[in-house]
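Engineer:
Residue numbers (this note's numbering): 1 to 586.
1) On the CB-based measure, 16 or more other CB atoms within 10 Å of its CB, does residue 647 come out buried or exposed?
2) If you draw a straight line from the C-alpha of residue 174 to the C-alpha of residue 349, how long is it?
3) Comparing alpha-carbon positions, which option in 266, 221, 168 lies nearest residue 118?
4) Out of 220, 477, 353, 160, which one is the CA nearest neighbour of residue 560?
5) Comparing C-alpha positions only, which one of 60, 471, 524, 544 sits nearest to residue 234?
6) Thinking C-alpha only, which one of 51, 76, 383 is nearest residue 67?
7) By the 10 Å Cβ neighbour count, where 16 or more other Cβ atoms means buried, how is residue 229 classified, buried or exposed?
8) Would residue 515 and residue 258 qualify as a contact pair, given that the criterion is a beta-carbon distance under 9 Å?
9) Where do the ends of the beta strand (DSSP E) carrying residue 12 lie?
10) Might you give, ordered along the chain, the residues of its own chain that have their beta carbon closer than 7 Å to the beta carbon of residue 472, omitting 5 neighbours on each side?
11) Going by alpha carbons, who is nearest to residue 372 out of 122, 177, 80?
12) For the segment 137 to 224, which segments carrying the alpha helix (DSSP H) assignment without a break, of at least 4 residues, lie completely within its bounds, in sequence order?
13) Mind reading off the beta-carbon distance from residue 126 to residue 337? Whole number of angstroms is fine, and I expect it under 8 Å.
14) If you draw a straight line from the C-alpha of residue 110 to the C-alpha of residue 400, how long is it?
15) Give the range of the alpha helix (DSSP H) segment to which residue 475 is assigned.
16) Can you grab the Cα-Cα spacing for the pair residue 543 / residue 290, in whole Å?
17) According to DSSP, simplified to helix, strand and coil, what is residue 76?
18) If residue 325 and residue 474 are in contact, beta carbons under 8 Å, what's the gap, nearest whole angstrom?
19) For residue 480, count the other beta carbons within 10 Å of its own beta carbon; 16 or more makes it buried, fewer makes it exposed. Which is it?
20) Rounded to whole angstroms, what's the CA-CA distance from residue 519 to residue 116? Just pull it up for me.
21) Just mark residue 566 as buried or exposed, buried being the case when its beta carbon has 16 or more other beta carbons within 10 Å.
22) I want to know whether the segment 307 to 320 touches the segment 40 to 49 - three or more CB-CB distances under 8 Å.
23) Quick check: what's the CA-CA separation for residue 101 versus residue 402?
24) For residue 444, count neighbouring C-beta atoms within 10 Å of its own C-beta (all shown protein chains included) and say buried if the count is 16 or more, exposed if not.
25) Any idea what DSSP makes of residue 596, helix, strand or coil?
26) Taking all protein chains shown into account, decide if residue 602 is buried (16 or more other Cβ within 10 angstroms of its Cβ) or exposed.
27) Helix, strand or coil for residue 114, going by three-state DSSP, please let me know.
28) Taking 8 Å as the cut-off, is the beta-carbon of residue 321 closer than that to any non-hydrogen atom of the ligand FAD?
29) In three-state terms, what does DSSP make of residue 348?
30) Run through DSSP, which three-state label would residue 511 get?
31) Taking DSSP as the reference, what is the three-state secondary structure of residue 265?
32) Do you know offhand how far residue 199's Cα is from residue 183's?
33) How many angstroms separate the CA atom of residue 302 from the CA atom of residue 113?
34) Name the DSSP bridge partner or partners of residue 317?
35) CA-CA distance, residue 121 and residue 503?
36) Return the first residue and the last residue of the alpha helix (DSSP H) that residue 248 is part of.
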């Protein structure tokens, strides 16, 4: 197989038939169910821990602004997800979106990283929930297991956490029983979680003192001055706000699980975009309100980074509210656990259906209408990690997978908007040769083209590739103090690339229930923010990420490439609908 043939195979895209909403999964989820799923999976432990930890260590009372910045970054990604959900009503989230628009190889990369994100997310929430409940019992389980079965391995947990294993097992069984049943329980837990947030905000507002937002540095006690910054609303300045935003961003991770329900939503083209927007709005209002109340009730330097609300309500003399918050946190962890694991079997199902992962993962149980094997495998892997691993060093891997998925989705929105036809496919036809003069004029659309052509589409694609490379270099140099001149040049280059994209003709989005506004600006900013946050992750995270990627590529090249439904030499199985093969060339 020649190099051109290999590239052609890697770039082949899946074509979806217009109006084809058939699926073996049960279409039973409405807007309320989907919104509750998005809120439940996002508004978890972060609402009870993240605000206090960020306020105390990097942002102070300006943690509220950090949440706002993080919400804007998440909103950009959410808008891109919402448009793709309106275009592609299929299970699999960013995996399917990129398969339709970018190509099989990139789609597998995204799907493989989503698996990593959801496995670690599920294991992390289960571990956190087990430790939280154990702390209410004076760490009885931890002390007992450490004395009975200690594990003296540096990268493993101190002891086998069978309680965390059991929590994941229960959620696995619940998800295997049926989507409708599990979402009903999720709706109840999410409602209790939101009620808890409302109680916290109302009672906390009564004990709030706005003076805690403007504490002078001279008034800070001596024992806290070394770790309290300069006082005031933003003790660590703009740098602290942005560092806090990087941390707060991960409190919004989880809304994308709504996008994996494309084959279980009653009206996916309308309900999924609406649910994504609603869930992000509810989560932001909750985070912002919580952070405001928390930092007004108690000076930021006196916060408890591990359990801020039990501490602040104890200091305020409200023990009853403290226990309400404690119980609410358990419900929040239940919804987070369900929301973290819910998308994983759907991604495995979508990849198994396409043949890029093992096809038995796409088997649907006739009674429960759920992918039982994929669910069981997901539960076993997540439960094992929760039981034996110390996840403190691995938690960033969940973030890197999420940010990469967000970046690809935003890029895919740009690609589809500049295609020469209003379809969900990319063309394999090579554009006709153009003179250098005409190409130069088309960079700023001086030819006056009103509708996308092969020339304008090619210019847009090349511009997007260059933009990604320039954005990566710019974000990497932001950490270097002596790169002011280079940053100025790269910043100017980004503006020129944005103008070039803006001048190219775009497809009409008439007929879509939701479309990203202000294209190309919103996807442009989304990519920049996501790349910036990825660059902030430490090198160990990148090393572990690369190892995971290599493992996935071995599976793809030795199995997926041959068994893919888009492989012309592979005869589709009886239960997998044959997909049309199309190839894209940049």
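All C-beta atoms in this analysis are idealised placements derived from N, C-alpha and C, irrespective of residue type, glycine included.
Structural biologist: Looking at the atomic coordinates:
1) No statement about residue 647 is possible, as the shown extent of the chain runs from 1 to 586 and does not include it.
2) On the chain shown, residue 174 is found 174 positions in, with the first residue counted as 1. On the chain shown, residue 349 is found 349 positions in, with the first residue counted as 1. Take the alpha-carbon of residue 174 and the one of residue 349: they are about 17 Å apart.
3) In the chain shown, residue 118 corresponds to position 118, counting from 1. Of the candidates 266, 221, 168, the one whose C-alpha sits nearest the C-alpha of residue 118 is 168.
4) Counting from one through the chain shown, the residue named residue 560 turns up at place 560. Of all alpha-carbon atoms in 220, 477, 353, 160, the one lying nearest the alpha-carbon of residue 560 is that of 353.
5) Position 234 of the chain shown, counting from 1, holds the residue named residue 234. Of 60, 471, 524, 544, the residue nearest in Cα terms is 60.
6) Within the chain shown, the letter at position 67 stands for residue 67. Ranking the options by Cα distance to residue 67, first place goes to 51.
7) Here residue 229 corresponds to residue number 229 of the chain shown, with the count starting at 1. Buried is the call here.
8) Within the chain shown, residue 515 is the residue found at index 515, counting from 1. Within the chain shown, residue 258 is the residue found at index 258, counting from 1. Going by C-beta atoms, residue 515 is not nearer than 9 Å to residue 258.
9) Your numbering for residue 12 matches position 12 in the chain shown. Residue 12 -> beta strand (DSSP E) spans 12 to 15.
10) By 1-based counting over the chain shown, the position of residue 472 is 472. Excluding residues up to 5 positions away in sequence, 531 lie with their Cβ nearer than 7 Å to the Cβ of residue 472 in the same chain.
11) What you label residue 372 is simply residue 372 of the chain shown in a count that begins at 1. Nearest option by C-alpha distance: 177.
12) You should have 140 to 148, 162 to 177, 179 to 206.
13) Your numbering for residue 126 matches position 126 in the chain shown. Your numbering for residue 337 matches position 337 in the chain shown. The beta carbons of residue 126 and residue 337 sit about 6 Å from each other, so the pair counts as a contact at 8 Å.
14) In the chain shown, residue 110 corresponds to position 110, counting from 1. In the chain shown, residue 400 corresponds to position 400, counting from 1. In a straight line, the C-alpha of residue 110 is about 11 Å away from that of residue 400.
15) Here residue 475 is taken as the residue at index 475 of the chain shown, counted from 1. Annotation: the continuous alpha helix (DSSP H) that includes residue 475 extends over 454 to 477.
16) Counting from one through the chain shown, the residue named residue 543 turns up at place 543. Counting from one through the chain shown, the residue named residue 290 turns up at place 290. Rounded to whole angstroms, the gap between the alpha carbons of residue 543 and residue 290 is 36 Å.
17) Locating residue 76 in the chain shown gives position 76, counting from the first residue. For residue 76, the three-state secondary structure derived from DSSP is helix.
18) In the chain shown, the residue the question calls residue 325 occupies position 325. In the chain shown, the residue the question calls residue 474 occupies position 474. The C-beta distance from residue 325 to residue 474 rounds to 42 Å, too long to meet the 8 Å contact threshold.
19) Translated into positions along the chain shown, residue 480 becomes position 480. Exposure of residue 480 is indicated by the presence of fewer than 16 other C-beta atoms within 10 angstroms of its C-beta.
20) As a first step, residue 519 must be located in the chain shown, where it is residue number 519. As a first step, residue 116 must be located in the chain shown, where it is residue number 116. Near 30 Å, if we compare the C-alpha coordinates of residue 116 and residue 519.
21) Start at 1 with the first residue of the chain shown, and residue 566 comes out as number 566. It counts as buried.
22) Remark: three or more beta-carbon pairs, one from each stretch, lie closer than 8 Å, so the segment 307 to 320 and the segment 40 to 49 are flagged as touching.
23) Position 101 of the chain shown, counted from the start, is the residue given in the question as residue 101. Position 402 of the chain shown, counted from the start, is the residue given in the question as residue 402. Roughly 19 Å between the two C-alpha positions.
24) Here residue 444 is taken as the residue at index 444 of the chain shown, counted from 1. The residue in question, residue 444, is exposed, as its Cβ has fewer than 16 Cβ neighbours within 10 Å.
25) Any question about residue 596 goes unanswered here, given that the chain covers just 1 to 586.
26) The requested residue 602 does not occur in the structure, where the chain is confined to residues 1 to 586.
27) Sequence index remark: in the chain shown, residue 114 carries index 114 (1-based). Here residue 114 carries a helix assignment [DSSP, helix/strand/coil].
28) The model on display carries no ligand, and the ligand FAD is accordingly not part of it.
29) Working through the chain shown from its first residue, we reach residue 348 at position 348. Correct three-state label for residue 348: helix.
30) To locate residue 511, count along the chain shown from 1; it is residue 511. Correct three-state label for residue 511: coil.
31) Locating residue 265 in the chain shown gives position 265, where the first residue counts as 1. If DSSP states are grouped into helix, strand and coil, residue 265 belongs with the strands.
32) Here residue 199 refers to the residue found at position 199 when the chain shown is read from its first residue. Here residue 183 refers to the residue found at position 183 when the chain shown is read from its first residue. Roughly 24 Å separates the two Cα atoms.
33) As a first step, residue 302 is located in the chain shown; it is residue number 302 there, counting from the start. As a first step, residue 113 is located in the chain shown; it is residue number 113 there, counting from the start. Distance from the CA atom of residue 302 to the CA atom of residue 113, rounded to whole angstroms, is 38 Å.
34) Position 317 of the chain shown, counted from the first residue, corresponds to residue 317. Under DSSP, residue 317 forms no beta bridge with any residue.
35) Here residue 121 is taken as the residue at index 121 of the chain shown, counted from 1. Here residue 503 is taken as the residue at index 503 of the chain shown, counted from 1. Put simply, the backbone Cα of residue 121 is about 41 Å away from that of residue 503.
36) Within the chain shown, residue 248 is the residue found at index 248, counting from 1. For residue 248, the enclosing alpha helix (DSSP H) stretches over residues 237 to 249.
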